[in-house]
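Okay, so here's the structure we're looking at.
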Amino acid sequence: MRALFRRDPLGVATFVLAVVAIGAALLASRGAPPPKPETPRVAPGGSAELIRCRNLGEAAGADPACHAAWADSRRRFFGAGDRL
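Start counting the sequence shown at 22; every next residue gets the next number (this note's numbering).
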């Protein structure tokens with residue numbers, strides 16, 4: 022094959038063109054990727070009560086409403102029952 026390329030530059034051009042055409046055909050046959058299913062988005066920060074407790078800082082540790090909001094959040098996250 023090497024001897025062919027030394028004697029025939031048209032052979033080299035034909036070979037390169039064939040490789041490029043095959044590559045283009047392979048890329049075109051792949052098509053567009055399927056669309057990803059859209060997942061429901063949850064607002065960052067959680068409920069208004071959780072946001073209020075977050076903004077309270079250390080005082081939230083003594084607030085019974087924050088404890089209730091955290092327990093409710095744990096129940097929603099882990100499922101039925103309070104495991105902590």
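Yeah, the Cβ is synthetic: ideal placement off N, Cα and C, and Gly gets one too.
Cα-Cα separation between residue i and residue j, rounded to whole angstroms
i     : j      : result
Asp29 : Thr60  : 58 Å
Cys10 : Arg96  : Given that the chain is displayed from residue 22 to residue 105, the structure contains no residue 10 and the question cannot be resolved.
Arg75 : Ala81  : 7 Å
Ala42 : Leu31  : 16 Å
Ala92 : Gly100 : 11 Å
Collapsed DSSP secondary structure at residue i in the structure displayed
i      : result
Thr35  : helix
Gly100 : coil
Asp29  : coil
CB-CB length for residue i against residue j, believed under 8 Å
i     : j     : result
Ala90 : Glu70 : 4 Å
Secondary structure, alpha helix (DSSP H): runs of 4+ residues fully inside the stretch 50-88: 69-77
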